[in-house]
Amino acid sequence: MSEMTKRVRTAEPVREQGVFRWEIPDDALSADHPARLLWRVLGTVDLSGFLRDAKAVEGKQGRDALSVRMLLTLWLYAISVGVGSAREIARRIQSDAAFRWIVGDQSVGHAKLSEFRIGHREVVDKLFTDVLGTLLHRQLMSLDLVAQDGTRVRASASAPSFRRAESLEQCREQAALHLKAVLAEGDAPEVTQAEKLARLAAAIDYQHRVEDAIAAVQELQAQGKEKPRASTTDADARVMKMADGGFRPAYNVQLATAGSPMGGARTIVGVRVTNVGSDLGSVSPMLDDIERRTGRLPAVLLADANHAAHDDIVNATARGVTPLIAVPKTSKNPRSRHANHEPAVDAWRARMETDEAKQIYRARASLCELPNAHFKSRLGLGHLLVRGLNKVTCVVLLTALASNLLAHVHALLVT
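Last residue of the sequence shown: 404 (our numbering), numbering continuous.
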């Protein structure tokens, strides 16, 4: 047989034969893997608040509650790699070594993950505050210099879902008729019980969302807004001007970041989520939030001209905070200098013209704009997947907690 006619031998895969594999799941990740570090640091904090309403207690029957440490590590690690969807986490548990390592031999679905993320706002808020207290106590952060900035995050609502009062009344009638139609189909033999329940739940949910939108419009009317509109998808969302100049449904996420102008770790020390499109008037509430969490106020607060409300400047000065807030162009007009005779406002204007203030103010962008960019580009907060101010706040708090733990995880694990 010639060389040209000889059959080439190939090794084909065999899938019918059983095999035994020996593996130790704990060996799947390196010692310094972020998932392992987050698991370790969460073992040093009090997570009992998450189990306050748990019914799985000793002496009673029922399924054990899933590990809070596991669920929280799952979410924080997912955020660290830019995953903000519970369904995506559930998929990665089946295919990603880090996610599989976190759950170990447990099983968790997307419904439980979603419930955990939005169901513990007060506990997550306290955990975020406790971590800040630990960082301050161990002198891993300082409040000498804090920068505040707001970023608009796209809401889970479409522009056509925003309607005025007259249109919402029509939606209310349509929702009631739809619910009656769904209830009338209750005896249809060709529809399964699961389909009936799903249709009924969807009809009731839409009716509730329409009512929430009507209540939001009435609230805006009471505030004196002309021709207000609200979304039948997310009644708390508002149309805001985005960074690219366009107008879309969004939330205003205000962050206060502490750090050094020389570099180093950036620490989120204040978090506020509102549905107000303007940053004006947000400094005083942020100072309240920082003081509530840390028991003290920053020595210097940096912010751009959008935050330059005179009342906030007077309030910050009275509380011992030096506001280094850019002066709006209109305030530089000589006529506007005499519009407000508050000494604190005059002192602020004069201070911002000094070389020392200008030098310190240069640190603002690196302190606050960089974390804002990281929240959107790296931590999965570019587009919200939940609806409602309370749920959005839960997501932002988790993101801020992940940011702080990742920034200080090695220092926190040093005993």
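Glycine included, C-beta positions come from ideal geometry on N, C-alpha and C.
The structure presented is a predicted model; accordingly, all values stated were derived computationally and were not measured.
So residue i is in the alpha helix (DSSP H); what residue range does that whole segment cover?
| i | result |
| --- | --- |
| ARG367 | No alpha helix (DSSP H) contains ARG367, which DSSP labels as neither H nor E. |
| PRO23 | 23 to 31 |
| VAL384 | 378 to 401 |
| ARG76 | 75 to 84 |
| ASP119 | 110 to 126 |
| VAL57 | 57 to 69 |
| ARG106 | 99 to 107 |
On the DSSP bridge assignment, give the partners of residue i in chain order.
| i | result |
| --- | --- |
| SER220 | PHE151 |
| THR246 | ALA136, ILE257 |
| HIS167 | Paired residue(s): none; HIS167 is not in a bridge. |
| ALA205 | BP columns for ALA205 are empty, so no partner. |
| ASN241 | ARG141, THR263 |
| GLY252 | SER249 |
| HIS372 | ARG143 |
| PHE236 | LYS230 |
Could you tell me the boundaries of the beta strand (DSSP E) in which residue i lies?
| i | result |
| --- | --- |
| LYS230 | 227 to 230 |
Whose C-alpha, out of the options, is nearest the C-alpha of residue i?
| i | options | result |
| --- | --- | --- |
| GLY79 | VAL70, SER103, VAL180, LEU168 | The sequence shown places Ala at residue 79, not Gly. The candidate whose alpha carbon is nearest that of ALA79 is SER103. |
| ARG351 | VAL92, ALA315, GLU331 | ALA315 |
| ARG143 | PRO332, ASP335, LYS365, VAL(-3) | LYS365 |
| SER392 | VAL120, LEU290, GLU12, VAL46 | VAL120 |
| ALA414 | THR311, GLN210, THR343 | Only positions -10 to 404 of the chain appear in the structure, and residue 414 is not among them; the question remains open. |
| PRO274 | ILE82, ARG188, ALA183, GLY259 | GLY259 |
| THR306 | LEU290, ASP94, ALA400, ASP15 | LEU290 |
| LEU18 | ALA87, ARG367, GLU208, LEU55 | ALA87 |
| LEU168 | SER156, GLN159, ARG188 | ARG188 |
| GLU369 | VAL70, GLU12, LEU401 | Per the sequence shown, residue 369 should be read as Gly rather than Glu. Here the closest residue by C-alpha is VAL70. |
| LEU402 | ASP16, ARG29, LEU36, ALA43 | ARG29 |
| ASP225 | ARG282, LEU209, ILE302, ARG89 | LEU209 |
Could you confirm whether any beta carbon from chain C is found closer than 9 Å to the beta carbon of residue i?
| i | result |
| --- | --- |
| ALA254 | This model lacks chain C altogether, as it is built from one protein chain only. |
Ranges of the alpha helix (DSSP H) found wholly within the segment 284 to 353, counting only runs of at least 4: Qualifying alpha helix (DSSP H) stretches, in chain order: 299 to 307, 332 to 340, 344 to 350.
Segment contact flag, the segment 111 to 131 with the segment 224 to 243, C-beta cutoff 8 Å, min 3 pairs: No, the segment 111 to 131 does not touch the segment 224 to 243.
Any 3 or more C-beta pairs closer than 8 Å across the segment 66 to 79 and the segment 19 to 29: Because the criterion of three Cβ pairs below 8 Å is met, the segment 66 to 79 and the segment 19 to 29 touch.
Inter-stretch contact at 8 Å, needing at least 3 Cβ pairs: the segment 243 to 252 / the segment 269 to 286: The segment 243 to 252 vs the segment 269 to 286: in contact.
Contact the segment 2 to 14 vs the segment 363 to 374: 3+ CB pairs below 8 Å: Too few Cβ pairs lie closer than 8 Å, so no.
At least 3 beta-carbon pairs within less than 8 Å: the segment 159 to 176 vs the segment 288 to 306: Touching, no.
Meets three-Cβ-pair contact criterion under 8 Å: the segment 133 to 142 and the segment 348 to 368: Touching, per the Cβ criterion.
Cβ contact (3+ pairs, closer than 8 Å) linking the segment 376 to 386 and the segment 266 to 274: Short answer: they don't touch.
Segment contact flag, the segment 144 to 157 with the segment 216 to 230, C-beta cutoff 8 Å, min 3 pairs: As far as the Cβ criterion goes, the segment 144 to 157 touches the segment 216 to 230, which means the pair count is three or higher.
The segment 174 to 182 contacting the segment 196 to 207, beta-carbon criterion three pairs below 8 Å: Contact between the segment 174 to 182 and the segment 196 to 207 is absent: fewer than three C-beta pairs spanning the two stretches fall below 8 Å.
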